[in-house]
């Protein structure tokens, strides 16, 4: 049976304990939001809850990772806006007990589709980035209209979940949403899965021990992640320490980053290794995990690295790193865009004789705890959400 489907398979009424939970996102491209939603969906499915992963378009690097406990609904939309009609049809046909959406455009489309479906389906939306920083940094005119569209629609959601307290405060200030409708739930971490995947072999020249200390960064090669500052910082470190840097990820700035590596004559010590479905072996083998972002919502990669037992140096960007690291208790923080300051924190971390037990902190974000919190926010009793796993 084809798991990517648009046909009706179950007839259940909305609100019934057997009615499906719908999770709507644009696609399963490689990104932190997509990874987090897939982790949540997998945990819900593991508990025996009937889950529909509703995708604007069923594409992306993570599509192959969807477990058989989850049914995929492909709206086949070339652009997310064009998924409105398909989502309306889905909501009328399936009448899920609740729909969870993530990312601003999907949140807006989900709310509008729910209203036009004329079905009373609870909508829980997830806001995952710092809105004011995103709008300030973008050059796209359509993105400048996001706050306006969010003001028109977000008030109609039953619950708004933010991935950090920083994101919550920024959202309240930016669109004037009422504080009582906002709940902060951190991103989930499937610790067992991370630990199992981290043991996988790693075939790359930088994975071979050669006397140099391995530093690792994982993230999309784009403006927000600011790998240019990371590379400039590494150039300072490399003059004082025997180090090498692996940057795991793909994105539109690969060409300019490679040019910077060439200009700084770092080809033998910095590698852009590309996208990996399993970055955890890199994290486990690293002496330090480095995060250089200009902005974040809640950087999953930091807690994933901590679950691998790897200490962290991150920029103190809005929002998330300082909350995860508890203002430096569990890792070091540097100012955004400060290559010299970042280099100093990396070298100080390498010299630490008694680093924090980061695995202990990682357990605070276990998928079991986070899934319980999400189910409560969606009006589902977690104590009754355990049953036989299904497959499709």
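Residue numbers (the working numbering): 636 to 1027. Note that beta-carbon positions come from the ideal geometry of N, C-alpha and C, so glycine has one too. On a predicted model such as this, the values are computed, not experimentally measured, just so you know.
Can you pull the DSSP bridge partners for residue i?
| i | result |
| --- | --- |
| residue 948 | 925, 967 |
| residue 734 | 657, 758 |
| residue 609 | Because the chain here runs from 636 to 1027, residue 609 falls outside it and cannot be looked at. |
| residue 771 | Bridge partners of residue 771: none, in fact. |
| residue 686 | 656, 705 |
| residue 803 | Looking at the DSSP assignment, residue 803 forms no beta bridge with any residue, so it has no partner. |
| residue 882 | 852, 907 |
| residue 953 | 930 |
| residue 1001 | 824 |
Check whether the Cβ atoms of residue i and residue j lie closer than 8 Å to each other.
| i | j | result |
| --- | --- | --- |
| residue 1034 | residue 798 | With the chain running from 636 to 1027 in the structure shown, residue 1034 is simply not present. |
| residue 872 | residue 978 | yes |
| residue 923 | residue 948 | yes |
| residue 670 | residue 913 | no |
| residue 791 | residue 750 | yes |
| residue 726 | residue 710 | no |
| residue 757 | residue 785 | no |
| residue 927 | residue 865 | yes |
| residue 932 | residue 955 | yes |
| residue 889 | residue 856 | yes |
| residue 929 | residue 952 | yes |
| residue 833 | residue 702 | no |
| residue 1006 | residue 675 | yes |
| residue 731 | residue 681 | no |
| residue 1033 | residue 690 | Only positions 636 to 1027 of the chain appear in the structure, and residue 1033 is not among them; the question remains open. |
| residue 668 | residue 737 | yes |
| residue 925 | residue 829 | no |
| residue 1012 | residue 794 | yes |
| residue 759 | residue 796 | yes |
Report buried or exposed for residue i, applying the criterion of at least 16 other Cβ atoms within 10 angstroms of its Cβ.
| i | result |
| --- | --- |
| residue 813 | exposed |
| residue 1010 | buried |
| residue 708 | buried |
| residue 776 | exposed |
| residue 755 | exposed |
| residue 720 | exposed |
| residue 679 | buried |
| residue 1016 | exposed |
| residue 887 | exposed |
| residue 752 | buried |
| residue 1000 | buried |
| residue 642 | Note on residue 642: pLDDT 35, under 50, position unreliable in the model; no value is reported. |
| residue 879 | buried |
| residue 860 | buried |
| residue 1046 | Because the chain is modelled from 636 through 1027, residue 1046 falls outside the range shown and cannot be assessed. |
| residue 843 | exposed |
| residue 1019 | exposed |
| residue 1032 | In the structure displayed, the chain extends from 636 to 1027; residue 1032 sits before or after that span and is not available. |
| residue 989 | exposed |
| residue 874 | exposed |
| residue 1014 | exposed |
| residue 729 | buried |
| residue 846 | exposed |
| residue 822 | buried |
| residue 945 | buried |
| residue 919 | buried |
| residue 699 | exposed |
| residue 665 | buried |
| residue 677 | buried |
| residue 992 | exposed |
| residue 984 | buried |
| residue 808 | exposed |
| residue 801 | buried |
Quick check on residue i - is its C-beta less than 8 Å from some C-beta in chain D?
| i | result |
| --- | --- |
| residue 769 | Of the protein chains in the structure, only one exists, and it is not chain D. |
Is the segment 651-671 touching the segment 741-756 in the sense that three or more CB pairs, one from each, lie closer than 8 Å? yes
Would the segment 698-717 and the segment 756-771 be scored as touching if the rule is three or more Cβ pairs under 8 Å? no
To test your reading of the DSSP string, which unbroken alpha helix (DSSP H) runs of 4 or more residues are found completely within the segment 885-930? 889-898, 915-920
With a cut-off of 8 Å, do at least 3 Cβ pairs link the segment 892-900 to the segment 958-967? no
Within the chosen definition, does the segment 993-1003 reach the segment 939-953 through at least 3 CB pairs nearer than 8 Å? yes
Return the chain-ordered ranges of every alpha helix (DSSP H) run that is complete within the segment 837-874 and spans a minimum of 4 residues. 862-873
Could you tell me whether the segment 972-986 touches the segment 774-793, where touching means 3 or more Cβ pairs closer than 8 Å? no
Evaluate the contact criterion for the segment 836-846 versus the segment 854-871: three or more CB pairs, one atom per stretch, below 8 Å. no
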